[in-house]
Amino acid sequence: MKELALSVKNLSFQYPNQPKESVRNVTFQVRKGEWVALVGHNGSGKSTVAKLLMGLLKAKSGVIKIFDTILNEETIWDIRKRMGIVFQNPDNQFVGTTVQDDVAFGLENNGVPREQMIERVRAAIQQVGMEEFLLKEPHYLSGGQKQRVAIAGIIALQPDLIILDEATSMLDPKGRREVLEAIYNLNIKQNMTVISITHDLEEVVKADKVIVMNEGEVIAEGTPLQIFSLGEKLEEIRLDLPFVMKVRNELKKVGFPLQLNSVTLEELVDELWTLYLNK
Amino acid sequence: MDIIFEQVEHIYHANSPFAQRALYDVDLSIASGTYVAIIGHTGSGKSTLLQHLNGLLQPTNGTVMIGEHTITKAIKPKQLKPLRRKVGIVFQFPEHQLFEETVEKDVCFGPLNFGVPEEEAKKKAKEALSLVGLPEEVLNQSPFDLSGGQMRRVAIAGILAMEPDVIVLDEPTAGLDPRGRKEMMEMFARLHREKKLTTILVTHSMEDAAKYADHLIVMHKGTVWKTGTPQQIFHDPDALLQLGLDVPETVLLKRKLEEKIGREIPSPCLTIDQLVDGIKKLFSGGNP
Numbered sequence: 001m002k003e004l005a006l007s008v009k010n011l012s013f014q015y016p017n018q019p020k021e022s023v024r025n026v027t028f029q030v031r032k033g034e035w036v037a038l039v040g041h042n043g044s045g046k047s048t049v050a051k052l053l054m055g056l057l058k059a060k061s062g063v064i065k066i067f068d069t070i071l072n073e074e075t076i077w078d079i080r081k082r083m084g085i086v087f088q089n090p091d092n093q094f095v096g097t098t099v100q101d102d103v104a105f106g107l108e109n110n111g112v113p114r115e116q117m118i119e120r121v122r123a124a125i126q127q128v129g130m131e132e133f134l135l136k137e138p139h140y141l142s143g144g145q146k147q148r149v150a151i152a153g154i155i156a157l158q159p160d161l162i163i164l165d166e167a168t169s170m171l172d173p174k175g176r177r178e179v180l181e182a183i184y185n186l187n188i189k190q191n192m193t194v195i196s197i198t199h200d201l202e203e204v205v206k207a208d209k210v211i212v213m214n215e216g217e218v219i220a221e222g223t224p225l226q227i228f229s230l231g232e233k234l235e236e237i238r239l240d241l242p243f244v245m246k247v248r249n250e251l252k253k254v255g256f257p258l259q260l261n262s263v264t265l266e267e268l269v270d271e272l273w274t275l276y277l278n279k
Numbered sequence: 001m002d003i004i005f006e007q008v009e010h011i012y013h014a015n016s017p018f019a020q021r022a023l024y025d026v027d028l029s030i031a032s033g034t035y036v037a038i039i040g041h042t043g044s045g046k047s048t049l050l051q052h053l054n055g056l057l058q059p060t061n062g063t064v065m066i067g068e069h070t071i072t073k074a075i076k077p078k079q080l081k082p083l084r085r086k087v088g089i090v091f092q093f094p095e096h097q098l099f100e101e102t103v104e105k106d107v108c109f110g111p112l113n114f115g116v117p118e119e120e121a122k123k124k125a126k127e128a129l130s131l132v133g134l135p136e137e138v139l140n141q142s143p144f145d146l147s148g149g150q151m152r153r154v155a156i157a158g159i160l161a162m163e164p165d166v167i168v169l170d171e172p173t174a175g176l177d178p179r180g181r182k183e184m185m186e187m188f189a190r191l192h193r194e195k196k197l198t199t200i201l202v203t204h205s206m207e208d209a210a211k212y213a214d215h216l217i218v219m220h221k222g223t224v225w226k227t228g229t230p231q232q233i234f235h236d237p238d239a240l241l242q243l244g245l246d247v248p249e250t251v252l253l254k255r256k257l258e259e260k261i262g263r264e265i266p267s268p269c270l271t272i273d274q275l276v277d278g279i280k281k282l283f284s285g286g287n288p
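Spelled out as structure tokens, the structure:
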């Protein structure tokens, strides 16, 4: 078994003036190098969990352990050096006056030598496909472009763990794919652990593990296939099935003898092809 | 309110070193009462285009006609006020624009601004809330105590309370969970049907464009690349993919299956039902 990147035990949190806990008794683990999708309806507590992990909110009870260090007021600064978070709205995340400066901001804060900084900024910007915009000011960029810069700012820090809090939800499909591709590369090549909070089912399909939250609690955990096999239960908690699963279900209803064992388009095409040849 | 663009151009910071041409040669027409989707890559000019729809931006050249209003670069912004009542724009994340103490005050803000008497504005607010599917109880609540999806509905009610003839939706489902997305899109489809509201949807979701719109406008690099029915536009998926756009997943699956099997599926496949039907037909046909 791979080492743990993160372990969360019995985590609870309640916002002031709210009648009940937004996060209730949440327990889960993430291994090093894993890509974990955290899914759930709006208001299910996903983003609150992310903020607790970053130490932006303080838990009412429970323990968060990140790379073997228990998160508390003393350890938070060291832990934060090893993790990055990208939020949904890029407008709230810009600090630099140009793309280049913005990406360099975190490196400057961490005292990275200038030579190294120049190279890391360049590489990070390239990974998100923004090299044409190096000297542009943020207000000339579209929302999607800004978000790619925000992600570059995190990538440049080369964190061991990255949290994406619906970070691609404001991007167009191409932008979304480019950004995810860049993060997949870091995930594979540098063994960077990824926790992605998302409503994008096609992204969920590709995760190593899926954690489902509902009303502040973790209600299911498993591989994408295990989770999507829950079928209508997902709809009850305001989620949905990915496209390929829906097509499979409809095809089976009209008599196609498909085995429900995959969630990718290619596998479905292959299976239909085999059926076609043997008909 | 027919909408007609003739040779519309928009240059930001014209006559300055920062000049940037965002739109050029834009010709299009949107008939009253239709549901149109505008699709295009980030930076293709969609947002600039939609800001011309109620005069937030004026063309730097060309003419925009919206009903009886004609907008050119020569028009004074003041003259555009009546138009803004007729064309409501729901921007991305409209809930960020809520500001009042109560839902009622927030929804009334637009009508009051346009000189509607208070009692009537309150009545319109009530109606608008019911149109977006919120209960009357929320009227006296603070909008900030509502859930994200409800807040968005309040913001949309604020637009509907002005009783526009045209509603422009910029990515109205961004950030919502799957059910919330579906409910929101169904709500706009219902408003379009029942209120005969001309609906203009700016979206990256090709599924939504295919499912809800009668007509598509594809923007590319600042101008109109192609217009047509969803069936016409998605008939040639490769052309769209080359522009860096997506096609509905049903069309993608159809195309992959056709490539693999080497035969055409006799259906446009814009919905899952059509796709399943097409695959059935493919299987019931003779061997190649």
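Residue numbers (full-length UniProt numbering), protein chains in the order written: chain A, 1 to 279; chain B, 1 to 288.
Virtual Cβ for every residue (Gly too), placed ideally from N, Cα, C.
Close-in-space but distant-in-sequence residues of the same chain around residue i (CB under 8 Å, 5 per side omitted)
i         : result
Leu-270/B : Ala-210, Lys-211, Pro-230, Gln-231, Phe-234, Pro-248, Thr-250 and Val-251
His-204/B : Ile-39, Glu-171 and Asp-246
Asn-42/A  : Arg-238
Close-in-space but distant-in-sequence residues of the same chain around residue i (CB under 7 Å, 5 per side omitted)
i         : result
Ala-156/A : Val-103, Gly-106, Leu-107, Arg-120, Val-121 and Ala-124
Ala-14/B  : Thr-60
Met-187/B : Val-132 and Gly-133
Residue i to residue j span [Cα, whole Å]
i         : j         : result
Leu-4/A   : Pro-266/B : 51 Å
Val-63/A  : Ile-79/A  : 14 Å
Lys-280/B : Gly-175/B : 36 Å
Thr-264/A : Asp-270/A : 10 Å
Asp-208/A : Ile-75/B  : 57 Å
Asp-91/A  : Asn-25/A  : 33 Å
Met-170/A : Gln-88/A  : 7 Å
Lys-195/B : Ile-39/B  : 24 Å
Met-185/B : Pro-242/A : 18 Å
Phe-99/B  : Lys-126/B : 18 Å
Ile-76/A  : Asp-240/A : 36 Å
Met-206/B : Gly-228/B : 14 Å
Asp-25/B  : Val-64/B  : 12 Å
Leu-80/B  : Leu-141/A : 28 Å
Gln-20/B  : His-220/B : 15 Å
Ile-195/A : Leu-52/A  : 13 Å
Val-103/B : Thr-173/B : 21 Å
Lys-9/A   : Gly-40/A  : 19 Å
His-41/B  : Gly-244/B : 7 Å
Ser-142/B : Ile-156/B : 16 Å
Tyr-276/A : Ala-213/B : 34 Å
Val-202/B : Ser-61/A  : 44 Å
Pro-288/B : Val-224/B : In this prediction, Pro-288/B scores a pLDDT of 48, lower than 50, which makes its location untrustworthy; the coordinate-derived value is nonetheless stated afterwards. Spanning the two alpha carbons is a distance of roughly 40 Å.
Glu-267/A : Pro-268/B : 22 Å
Ala-150/A : Gln-92/B  : 19 Å
9 Å Cβ cutoff, residue i in contact with chain D
i        : result
Tyr-15/A : Judged by its chain identifiers, the structure shown contains no chain D, and its protein chains are A and B.
Continuous alpha helix (DSSP H) stretch holding residue i: start and end
i             : result
Gln-274/B     : 272 to 284
Thr-250/B     : 249 to 261
residue 375/B : Outside the displayed range of chain B (1 to 288) lies residue 375/B, so it cannot be described from this structure.
Asp-236/B     : Neither: Asp-236/B is in no alpha helix (DSSP H) and is coded neither H nor E.
Glu-6/B       : Segment 3 to 12 is the beta strand (DSSP E) holding Glu-6/B; no alpha helix (DSSP H) there.
Met-184/B     : 178 to 195
Span of the beta strand (DSSP E), counted from its first residue to its last, around residue i
i         : result
Asn-109/A : From DSSP, Asn-109/A is part of no beta strand (DSSP E) but of the alpha helix (DSSP H) over 99 to 109.
Asn-113/B : Here Asn-113/B belongs to no beta strand (DSSP E); instead the alpha helix (DSSP H) covers 103 to 113.
Asp-170/B : 166 to 170
Arg-21/B  : 20 to 30
Ala-265/B : Correcting the residue type first, residue 265/B is Ile in the shown sequence and not Ala. Taken as a continuous stretch (DSSP letters only), Ile-265/B belongs to no beta strand (DSSP E), as it is neither H nor E.
Cβ neighbours of residue i in the same chain (closer than 6 Å, five flanking residues each side left out)
i         : result
Leu-191/B : Leu-197
Ile-3/B   : Ile-30 and Ile-66
Ile-159/B : Gly-88 and Val-90
Asn-191/A : Gly-33
Val-134/A : Rather than Val, the amino acid found at residue 134/A in this sequence is Leu. Closer than 6 Å at Cβ, skipping near neighbours: Val-99 and Gln-100.
Asp-273/B : none
Leu-282/B : Ile-265
Gly-129/A : Glu-178
Q | Length at least 3, wholly inside the segment 203 to 231 of chain B: the beta strand (DSSP E) runs in chain order | A | 215 to 220 and 223 to 228
Q: Kindly provide the ranges of any beta strand (DSSP E) runs that are 3 or more residues long and lie completely inside the segment 45 to 72 of chain B, ordered along the chain.
A: 61 to 66 and 69 to 71
Q.
Restricting to runs no shorter than 4 residues, where is the alpha helix (DSSP H) found entirely within the segment 189 to 272 of chain A?
A. 201 to 205, 224 to 228, 232 to 236 and 243 to 253
(Q) Any contact between the segment 107 to 115 of chain B and the segment 48 to 56 of chain B? By contact I mean 3 or more CB pairs, one from each, below 8 Å. (A) no
Q.
I'd like to know if the segment 111 to 120 of chain A and the segment 68 to 75 of chain A are in contact, where contact means that at least 3 CB-CB pairs between them fall below 8 Å.
A. no
Q. So does the segment 157 to 170 of chain B actually touch the segment 85 to 97 of chain B, counting three or more Cβ pairs closer than 8 Å?
A. These segments touch.
Q) Touching or not, the segment 82 to 90 of chain A and the segment 151 to 166 of chain A, by the rule of three or more beta carbon pairs under 8 Å? A) yes
Q) Is the segment 9 to 28 of chain A in contact with the segment 138 to 148 of chain A, if contact means three or more CB pairs nearer than 8 Å? A) At 8 Å Cβ cutoff, the stretches do not touch.
Q) Can you list the alpha helix (DSSP H) stretches of 4 or more residues lying completely in the segment 120 to 160 of chain A, in chain order? A) Along the length of the segment 120 to 160 of chain A, whole alpha helix (DSSP H) runs at least 4 residues long occupy 143 to 155, reported in chain order.
Q.
At 3 residues or longer, what runs of the beta strand (DSSP E) sit wholly inside the segment 10 to 73 of chain A?
A. 23 to 31, 35 to 40 and 61 to 66
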